[in-house]
Each structure stands twice: as structure tokens, then as C-alpha cells.
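Student: Chains as they are written, first to last, in the numbering used here: chain A, 1 to 319; chain B, 1001 to 1319; chain C, 2001 to 2319.
The beta carbon of each residue, even a glycine, is placed where N, CA and C say it ideally should be.
What you are looking at is a predicted structure, and each value in this text was computed from that prediction instead of being measured.
Quick one: this structure, given as C-alpha cells, is what I'll be asking you about.
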Amino acid sequence: MTETMDDISITAPWQERHLLGLEHLSAEEIATILDLADQFQTLTEGGSKKLTVLNGTVVANLFFENSTRTKTSFNIAARRLGADTVDFSASGSSLSKGETFVDTALTIEAMGVDLVVCRHRTPGAPHLLARHLKAGVINAGDGTHEHPTQALLDMLTIRQKLGRIEGLTVALVGDIRHSRVARSNIHGLLKLGARVIVCGPATLVPRTITQLGVEVAYNLDEILPQVDCVNLLRVQFERQRGAFFPSIAEYAHLFGMNGDRIRKAKDGLLVLAPGPINRGVELTPEVADGPHSVILNQVSNGLLIRMACLYLLAKKAGK
Amino acid sequence: MTETMDDISITAPWQERHLLGLEHLSAEEIATILDLADQFQTLTEGGSKKLTVLNGTVVANLFFENSTRTKTSFNIAARRLGADTVDFSASGSSLSKGETFVDTALTIEAMGVDLVVCRHRTPGAPHLLARHLKAGVINAGDGTHEHPTQALLDMLTIRQKLGRIEGLTVALVGDIRHSRVARSNIHGLLKLGARVIVCGPATLVPRTITQLGVEVAYNLDEILPQVDCVNLLRVQFERQRGAFFPSIAEYAHLFGMNGDRIRKAKDGLLVLAPGPINRGVELTPEVADGPHSVILNQVSNGLLIRMACLYLLAKKAGK
Amino acid sequence: MTETMDDISITAPWQERHLLGLEHLSAEEIATILDLADQFQTLTEGGSKKLTVLNGTVVANLFFENSTRTKTSFNIAARRLGADTVDFSASGSSLSKGETFVDTALTIEAMGVDLVVCRHRTPGAPHLLARHLKAGVINAGDGTHEHPTQALLDMLTIRQKLGRIEGLTVALVGDIRHSRVARSNIHGLLKLGARVIVCGPATLVPRTITQLGVEVAYNLDEILPQVDCVNLLRVQFERQRGAFFPSIAEYAHLFGMNGDRIRKAKDGLLVLAPGPINRGVELTPEVADGPHSVILNQVSNGLLIRMACLYLLAKKAGK
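And the structure:
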């Protein structure tokens, strides 16, 4: 109950006021976040689950897209650090009364908010906030652009389970075109020295993505034997009005993870999925509930990653 | 501000990890909850209203049916014990993105939730959670099955006002067929030695209910002179599409509590109602606001009962 | 972290159990609130942002009209004092199940709520609550009647920026007819010795309002040179179905604040707006973001005013 900032050590100096994406972070900065997350695990498992280091800090969740899971993860993370949280949503907010997005954010900041966690359907929305606010801004997903804390929790899970990220081969499978999770994972994994293969239907894997430094594959079975980790992106029925693949059944057949594919893969294959999962689509129940799946570890690590990011930005803001 | 678990004594050893219903609790276990609720009343009235015994514990409200009142009661109860709370609702949650009910719950648990309070329209839903979660599960109403904390607060109110439950005659009036409140009250009251009469329109009082050990009556005026407590179940307009009784006016005339009926009843008759009440239907304003009504005591006792249940399950979970 | 009530001094004895409007407060009582708000600014800026003086107090937000901004301001204010908060909204509440407004409030109070913050479309709704509840009631806007904390934060902002209120000339511009903000400002400003001019389209400025002691004007340009502060009421598109003025463009032309009008006004003119603002309607971006605008100060002061009001009522209630 009386941990202080002194008990928490940060591997390398932290200079960022905002966490907008992994594209512009260095390998050292990413490692700093992962190390701090590990440290929060030790701290909260060893003793009290609730710290007091961010007592008096107010974190606002500014979610313009529905996301119970990410919002709750940020909420619990903030409160574990001793911070208070307030939630804003698009419906019922001042935006529906004609206020601009930036005015809404400035108003929230003027209420004494120190950190803003923002999800928005428009790529760059959190960057716009960061330019106008003194508060620290965390991007919790901006359209098809980035979702840095998701990629960080994926990397933390891999590092915990396999001991390292450098030198591993990670396959991102599914809708690469629209996935902010894929984009953030690509930036983060490459910076930490992994080999990244993106794999999915040709309609959902743009050739141009090789410019980022990844390899492209259209046949999951061909790449599986080389792969240490497979990250199964969600088929977002609610987003994809257009028909990017013929049918769900065909998608599941070609790109879904199932028992057969597990048996053809490396022994220690890690199966990640950002969730919420569609059982029978991205993976079968046999895989989801099997020993290769680290899906629930990802959720728990999400808490630790968000604690680390909130802590670093709050400290940078002088809290 | 510095009460510890040592200040709180539990009458009998508590072994249950979950609170799913009163059907499978013993009389001793029910008494343990009621005793602990009394103790919380003394503790919070005497000194500070806010305890710290569940500091670091996270309670998730997983409500798939609207219920501001029950959810708020659990929220305030949890925070009085020093716990943090997070709310989930069906709308906007991952369920609408195709996730299964159990996956949603496992995800919430992986975020570090210790206790899950669940309301669901399907009987048995909290039992399904209990089979999959390490977290403690409290049933806050599952379809027409059970609503144990409501029955416990009814019993606490009776015990506080009349000094005992054993030997009393309690009438449950109204829609017995669809009422989880009736079912939980029946189990609890019988275990504690009360005589229970269920009374309502024949369409809403199934004959088979006598198998549980209760008596059945269709005429409220005939049984009133024998009754110590009458519990007026809510007419749930929002649930009953079918016509189980001819009209609201007729229901109120035959089964509503009014001044005339009060005058024909025992002197110290207690009038309970789970609420929200429909004035002029289950009871007249004269009765609702009169000296026999203990409706607001029930609400206050709801807080104490929920504190007791949360505390017992958190302690069992080793928090 | 360990401020106590002893550190907080109140200028004059406080006797009110509720804050329903400024009409019935004395000048001394209003000054007491403003002084206490100033004090909270010093306390929270100097040291820890979070106090503990209302630890154990529960504040319920009972909002029957959407208002993220006011509700959040009350929430943050309450938590800065160490209180817990619970939110109720019209949708999903017991009201939709047939419960009366007063029964809902009594139920909430029975759950241990100490202070109720109420917004309602019906003038007098908070007064009805105040007659039935032991809890303190704060009016957060009742129809077209009053919105006392908004007027108080406007006055605090004026006093901070100009050093006094007595002797100043304040223009309230826009829809005076439907504005609870105007009404509360009129009462408060007149009590503290300001001269108040209301100005707007004839359809929205009833002649009878002079009975309150204000002057009426229909031409903003004529009065501007005499004015120290101009408070630009929101054009409430969502409320005004009827056509009170020909077009938005015409409104902006005649009553909107713009660079030209700023240049014709007094040098130190203060521009207030309760927000959320419609850029290009009540004021141009040039004015909103310019040196005369104190809009964001108003938001920050809202927090301090609400802390002061919650504190005074909680103390009066013996918390």
C-alpha cells in the first residue's frame, strides 16, 4: 500500500510525452516499456495489487468507438496505480451538440485530466489531440493506423514465453490491410529484431506492405513450419461491408488455426489472438483452449503494459 | 479508516467460492451472511463508512439485463469495503462482436477481476461462469431462477424488525411463476424455519410449487390474518407480454395491499416489496408510505447483504 | 494526502442543506462559495491534487438529461475531495419500469448516498427531491429555471480576472428566454452588485425580464462599449424546434462575437461562454482562441465551484 515511485526503476530515460504509435519509438524505448511491465507484474503479484504512485492523477478515456475490453483494461490499469478515471463516449457527449473534437478534448483537459486515452475511427485523431493538449495522449486505436498498446502486450507475451523477440519469426495472419494491430506489431517486432511474415487473402494483404520490411505470404501452410509465433487477427465482421473473401467457411479453412495446422507447426508454436475471438473462424476451440494458446496471457499482460505506459507518461508530465 | 479483517468476525466457517442461489446453502451459511451484514451495519454506522478490507480487490458487474438499482447497490457495497469496481453491459461489449459468454468472462477475469457479479436472462448463466472462472461469482438474478441477495436482504429486514424468522408466516404475493425473488425467498425462508404461503392469480401460481414445501393460496384476504410478513412481488409489465390476468385494476383489487387490507391484518404486519414499486398496483401510496412498509429498509439492507457476500467470497478467494 | 477539514476555512457560517438556485442565496452565501473555491485552487495547486476530506461520502449523479461535461465535472470534483460517486441516467433506470421520480431518489438515498446532483428537464425537479430527501441536493440544471453552479463558475472567473464583480457591467447575450444559465447569472450578478444587460433577438428576450432588475437590449453593438464581460449563451439547436430567429447566419451576424466587435469593445473585455460552443455561431474561432476568451478558465473553475458546493453541503449534512 505504500510503494513509492522510488521502488520503480526505469531501464532507460523516457522522453516521450505521448504514446501515439510504435513507428516512431526506438527499440530501447519499446524495451523500457516491456521491462517496466515485467516490473509491475513482480510488484503486484508479490504484494498488494494496488499501488499509490499515481494518486491524484486523473486518466480520461475518450472512446469514440465501442470497446469495453480495451477501455476496461485501461481503467483497471489506471486504478491499480492509484489514479482516478473518467469515461467519455461519443454518444451523449458534447460532440453531438456541435462541439469540435479538439474543443471537447481541451475542455476535458481543463477539468484537470492529466492523461487522455483516445480511440477514434479516424487515423491521426490522437495525434491531433497531442498537438493541442498539455496532457499526455495514448492512442488506443486510430482507424486502420496504429494500436500500440496491443502490439506491446503481444510482444510482452512473446518475450515472457520464449525469452526473447530477436531472431524469432512471427506470422501475422488475416486482414492486414485494415488492421492497426498488424501495423503496430510490424513496427514493434521489426525494431526488436524479429522476422515478420504477413499472411492472408490477397485482397487483404497489399503487396506494398513489403516496404515496411516484412515478407508476404498467401498460404499459411507453407510458412507455418518456419514460424515461432502466429498472431491471428480478428475477422471484423462489423467493419467489412465489402466482400474481401468469399465466405467465412473458406476463410476458416484457409487461414484458421486448427488442430491439423498445430501438428504441422513447430513444437513450441505460440498462438496469439487480439480478441474478441470468433471461435471456428480465426481458430478452432481446440486451439483456443489448447496449450499453444496464450490468449488470456495477452489479456493479463495488457494490464501490465497499460500500467507501464500510463506510469511513464504521467512521470514525464511531472505527476 | 484502518479497520482490518481482524475486526470482522464470521460466525461459522465459510466454504463457498460462489453465491449462486439459496437452494444449496445451509441454514447456518445463510445465518452467517445475515450476522455479517448486521456486523457491517454496526461498523459503518459507528465510525467511518468506508472500510479498507478489500483494498486491491476488483469487482466486475457483468449485467446482461438492465438494472440500475441492483448494480448500484453492488457498486456502493464494493467500494465501502475498499474494492474497485468495473461495469460491463451487454450493449457495446465484445458479445456483440461474436465473442462467447464464457470467453467474455474469462477475458474479464484475466484483467485481474477477483469477483464477478452477474445478471443474465438465462437461468444457470452464473453457474456456467462459476464452472469456468477462478474468480468468485455472485448471481444477481438469472432469468426466473434465483436472486439470492434479494432474498437475503428480505430476510435480514424481517429479522431486524421481528427479531427472528423461525416460526413466522410469510406470504409471497403476485407472480410466483416467473419470480426469481420468490424462488430464492422460498428456499431461504424455509431453511430458516418460516412457514411460507405463496398467493396470486391461479395463472401465476403453479400448483407444483407445493413440492418446494410452501402452501398455495389464491385469496389474499383469507390468509392475511395469519401472516406476519407480506412480500409484494413486482408486476413486471416489461416481461409479461401474455395476459396472465385480465387487467391491472383487477390485479390491484385482488392482490394489491391497501389501507383496508392493512386494517384486517395482524397489528405488526411487515410489508416488503422488492421494488421498483408500481404505486397503485402492488400497493397503494398509503401503504407504501405508511408505518408497516419496510421498503427503504430493504434497500439499505441490500447494501449490507452485498457487503457481506462480497467479503465472504473475497476472503474465500484468499484476498 | 492528509489534509483535514481543519485546513479548510469557511468565510461565513453556511446554513443551506441544498443548492437549488441563486435566487434565494444571499450575497454573503455566494461569496462564501467563491472564497472556498479560491481556497481549493490554492490547496490543490500547491500540493496534492487529491484531498481526503469527504472520504466515505457518496455522491450520486441523477441526470435525466444528457450532459457529459457537467456530470464529469461533478464526478472529478467529488473524487478530488475523496468522495465516491455513482451515476444514474434516465435510460435503463427504474423510472422506465414505472417507478416515480421521488421513489427513485428515496431508493438511491437508502443506498447510503449523502449528496444528490440532479439534472432534469422539468423546472423544480430538484426542489421536489429536496423536500423528500435527507441527502443534500444540488441543482445541476432544471429545465429553463436555474443552473447555479454554472453561474457561480462564471462569477468566479470574472472575479479572478477582474478582481471584483461589484460595479461591473455584464452582458448576457442570446437566448435569454430559455436559458437557466442566464437566469442564475442574473440572480447572482445582481446580488453581488453588477449591472446586468440581457441582449438577443426580441423573440428570445422577454420584456418582462426587466422585473428581475436587468436592462434589455436588442443591439449588441450599441451596448458593447459599456460592457466589461460578455457571456455568450449557447444556441441550443437541440432544444429549439420553433424558429426564434430567421437563420443561424443572421444570428451569428447580429449576436456572434467576432474580431470586429472585439476591436470596438473595451480593452479588457472578458468573453465567457458556457459551452459546448458552436464555433462560427456564438463566436468566431478568432475570438474563442484569442486573449479575451476565458472559456477554458470557466471549465477549470467549474471543478473548484463544484468542490466548494459539495464540501459545504456535505459538512452541513454532518459528514
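Evaluate Asn2075/C with the Cβ neighbour count: other Cβ atoms within 10 Å of its Cβ, from every protein chain shown; 16 or more gives buried, anything less gives exposed.
Tutor: By 1-based counting over the third sequence, the position of residue 2075/C is 75. Flag for Asn2075/C reads buried.
Student: Alpha helix (DSSP H) containing Ser2325/C: first to last residue?
Tutor: The shown model of chain C, from 2001 to 2319, leaves out residue 2325/C, and the question about it has no answer.
Student: With 7 angstroms as the threshold, decide whether the Cβ of Glu3/A is near any Cβ in chain B.
Tutor: For the purposes of this step, residue 3/A is taken as residue 3 along the first sequence, with counting starting at 1. In this prediction, Glu3/A scores a pLDDT of 48, lower than 50, which makes its location untrustworthy; the coordinate-derived value is nonetheless stated afterwards. Chain B contact via Cβ: absent.
Student: Do you know whose CA, among Arg69/A, His132/A and Asn185/A, lies nearest Thr100/A's CA?
Tutor: Here the question's residue 100/A lines up with position 100 in the first sequence. Taking only the C-alpha atoms, the option nearest Thr100/A is His132/A.
Student: For Gly2256/C and Ala2151/C, I'd like the C-alpha separation in whole angstroms.
Tutor: For the purposes of this step, residue 2256/C is taken as residue 256 along the third sequence, with counting starting at 1. For the purposes of this step, residue 2151/C is taken as residue 151 along the third sequence, with counting starting at 1. Near 21 angstroms, if we compare the C-alpha coordinates of Ala2151/C and Gly2256/C.
Student: Under a CB-based cut-off of 7 angstroms, is Pro276/A close to chain B?
Tutor: Residue numbering aside, residue 276/A sits at position 276 when the first sequence is read from its first letter. Chain B contact via Cβ: present.
Student: Considering Asp2142/C, what are the terminal residues of the beta strand (DSSP E) in which it resides?
Tutor: Here the question's residue 2142/C lines up with position 142 in the third sequence. It spans Gly2136 to Asp2142 - the beta strand (DSSP E) in which Asp2142/C sits, taken as one unbroken run.
Student: Please determine if the segment 2129-2147 of chain C and the segment 2164-2173 of chain C are in contact, where contact requires at least 3 C-beta pairs separated by less than 8 angstroms.
Tutor: Too few Cβ pairs lie closer than 8 angstroms, so no.
Student: Excluding the 5 residues flanking Leu1128/B on each side, which residues of the same chain have their C-beta closer than 8 angstroms to its C-beta?
Tutor: Position 128 of the second sequence holds residue 1128/B. If we look at Leu1128/B and ignore the five residues flanking it on each side, its Cβ neighbours are Phe1101 and Val1102.
Student: Below 7 angstroms CB to CB, which residues in the same chain sit around Ala2288/C once its five sequence neighbours on both sides are set aside?
Tutor: To locate residue 2288/C, count along the third sequence from 1; it is residue 288. For Ala2288/C, where only same-chain residues beyond five positions count, the Cβ hits under 7 angstroms are Ile2277, Arg2279 and Ile2295.
Student: Considering just the uninterrupted stretch of the beta strand (DSSP E) at Phe88/A, what are its terminal residues?
Tutor: Indexing the first sequence from 1 puts residue 88/A at position 88. Counting along the chain, the beta strand (DSSP E) containing Phe88/A begins and ends at Asp84 to Ser89.
Student: Along the chain, which unbroken stretches of the alpha helix (DSSP H) at least 4 residues long are found entirely within the segment 1040-1072 of chain B?
Tutor: Taking only runs of at least 4 residues, no alpha helix (DSSP H) segment lies wholly in the segment 1040-1072 of chain B.
Student: What does the alpha-carbon distance come out to for the pair Arg1069/B and Leu1192/B?
Tutor: Mapped onto the second sequence, residue 1069/B falls at position 69. Mapped onto the second sequence, residue 1192/B falls at position 192. Between Arg1069/B and Leu1192/B, the C-alpha separation is close to 27 angstroms.
Student: Answer yes or no: does any C-beta atom of chain B fall closer than 7 angstroms to that of Met2257/C?
Tutor: The sequence position of residue 2257/C within the third sequence is 257, counting from 1. Output row for Met2257/C: interface = no.
Student: I need the straight-line Cα distance from Tyr2251/C to Val2173/C, nearest angstrom please.
Tutor: Stepping through the third sequence from its first residue, residue 2251/C is reached at position 251. Stepping through the third sequence from its first residue, residue 2173/C is reached at position 173. Rounded to whole angstroms, Tyr2251/C to Val2173/C spans 11 angstroms at the Cα level.
Student: Compare the Cα-Cα distances from Gln211/A to each of Phe40/A, Val196/A, Lys50/A and Ala171/A and report the closest residue.
Tutor: Here residue 211/A refers to the residue found at position 211 of the first sequence. Closest option to Gln211/A, Cα to Cα, is Val196/A.
Student: When you compare only the Cα positions, how much space is there between Pro2274/C and Leu2232/C?
Tutor: Here residue 2274/C refers to the residue found at position 274 of the third sequence. Here residue 2232/C refers to the residue found at position 232 of the third sequence. If you take the alpha carbons of Pro2274/C and Leu2232/C, they lie about 7 angstroms apart.
Student: Using 7 angstroms as the threshold, is the C-beta distance between Ala2105/C and Ser1300/B below it?
Tutor: Start at 1 with the first residue of the third sequence, and residue 2105/C comes out as number 105. Start at 1 with the first residue of the second sequence, and residue 1300/B comes out as number 300. Against a cut-off of 7 angstroms, the Cβ pair of Ser1300/B and Ala2105/C comes out as no contact.
Student: Does DSSP put Met2155/C in a helix, in a strand, or in coil?
Tutor: Residue numbering aside, residue 2155/C sits at position 155 when the third sequence is read from its first letter. Three-state result, Met2155/C: helix.
Student: Roughly how many whole angstroms lie between the Cα atoms of Ser2039/C and Lys2071/C?
Tutor: Walking along the third sequence from the start, residue 2039/C turns up at place 39. Walking along the third sequence from the start, residue 2071/C turns up at place 71. Here residue 2039/C is Gln; the residue named in the question, Ser, does not match the sequence. Each residue's Cα considered, the two are about 22 angstroms apart.
Student: Under DSSP, the beta strand (DSSP E) around His120/A begins and ends at which residues?
Tutor: As a first step, residue 120/A is located in the first sequence; it is residue number 120 there, counting from the start. His120/A -> beta strand (DSSP E) spans Leu115 to His120.
Student: Taking 7 angstroms as the threshold (beta carbon to beta carbon), is Asp2084/C in contact with chain B?
Tutor: If you number the third sequence from 1, residue 2084/C lands on position 84. Yes, contact with chain B.
Student: Whose Cβ in chain B lies nearer than 9 angstroms to the Cβ of Arg79/A?
Tutor: The residue labelled residue 79/A in the question sits at position 79 within the first sequence. Those are Val1058, Asp1084 and Val1086, listed as they occur along chain B.
Student: On the CB-based measure, 16 or more other CB atoms within 10 Å of its CB, does Lys1050/B come out buried or exposed?
Tutor: As a working mapping, residue 1050/B is identified with position 50 in the second sequence. When all chains shown are included, Lys1050/B counts as buried.
Student: For Asn1278/B, does the three-state DSSP call read helix, strand or coil?
Tutor: To locate residue 1278/B, count along the second sequence from 1; it is residue 278. Asn1278/B: coil per DSSP, three-state reduction.
Student: Using C-beta distances below 6 angstroms, list every residue in its chain close to Thr2002/C, excluding the 5 sequence neighbours before and after it, in chain order.
Tutor: As a working note, residue 2002/C is residue 2 in the third sequence. The predicted model places Thr2002/C with a pLDDT of 43, which falls under 50 and marks its position as unreliable, so this point remains unresolved.
Student: What residue from Arg2183/C, Ile2176/C and Val2281/C has the CA that sits closest to Ala2202/C's CA?
Tutor: For the purposes of this step, residue 2202/C is taken as the residue at position 202 of the third sequence. Comparing Cα-Cα distances from Ala2202/C to each of Arg2183/C, Ile2176/C and Val2281/C, the minimum goes to Ile2176/C.
Student: Compare the C-beta of Ile1076/B with all C-beta atoms of chain C and state if any pair is closer than 7 angstroms.
Tutor: On the second sequence, position 76 is the one that residue 1076/B refers to. At least one chain C Cβ lies under 7 angstroms of Ile1076/B.
Student: Ala1083/B and Thr1122/B - do their beta-carbons sit closer together than 7 angstroms?
Tutor: Working through the second sequence from its first residue, we reach residue 1122/B at position 122. Working through the second sequence from its first residue, we reach residue 1083/B at position 83. Not in contact: Thr1122/B and Ala1083/B (Cβ atoms no closer than 7 angstroms).
Student: Exposed or buried, Thr42/A, counting other C-beta atoms within 10 Å across all chains shown (16 or more means buried)?
Tutor: Within the first sequence, numbered from 1, the residue matching residue 42/A stands at position 42. Classification for Thr42/A: exposed.
Student: Going by other Cβ atoms of all chains shown within 10 Å of its Cβ, with 16 needed for buried, is Glu2282/C buried or exposed?
Tutor: For the purposes of this step, residue 2282/C is taken as the residue at position 282 of the third sequence. Classification of Glu2282/C: buried, given that the 10 Å Cβ count is 16 or more.
Student: Among Glu2065/C, Lys2316/C, Ile2030/C and Val2137/C, which residue has its Cα nearest to the Cα of Ile2108/C?
Tutor: Stepping through the third sequence from its first residue, residue 2108/C is reached at position 108. Selected option, being the one with the closest Cα: Val2137/C.
Student: Could you give the C-beta distance for Leu269/A and His292/A, rounded to a whole number, given that I count them as a contact under 8 angstroms?
Tutor: Translated into the one-based positions of the first sequence, residue 269/A becomes position 269. Translated into the one-based positions of the first sequence, residue 292/A becomes position 292. With a Cβ gap of about 5 angstroms, Leu269/A and His292/A count as contacting.
Student: Note down, one range per segment and in chain order, each alpha helix (DSSP H) of at least 4 residues found wholly within the segment 252-311 of chain A.
Tutor: Counting whole runs of 4 or more residues, the segment 252-311 of chain A contains the alpha helix (DSSP H) stretches 259-264 and 285-288.
Student: Do Leu2054/C and Ala2314/C have their C-beta atoms within less than 7 angstroms of each other?
Tutor: The sequence position of residue 2054/C within the third sequence is 54, counting from 1. The sequence position of residue 2314/C within the third sequence is 314, counting from 1. Taking 7 angstroms as the Cβ cut-off, Leu2054/C and Ala2314/C qualify as a contacting pair.
Student: On the CB-based measure, 16 or more other CB atoms within 10 Å of its CB, does Pro2206/C come out buried or exposed?
Tutor: Numbered from 1 along the third sequence, position 206 holds the residue referred to as residue 2206/C. Classification of Pro2206/C: exposed, given that the 10 Å Cβ count is below 16.
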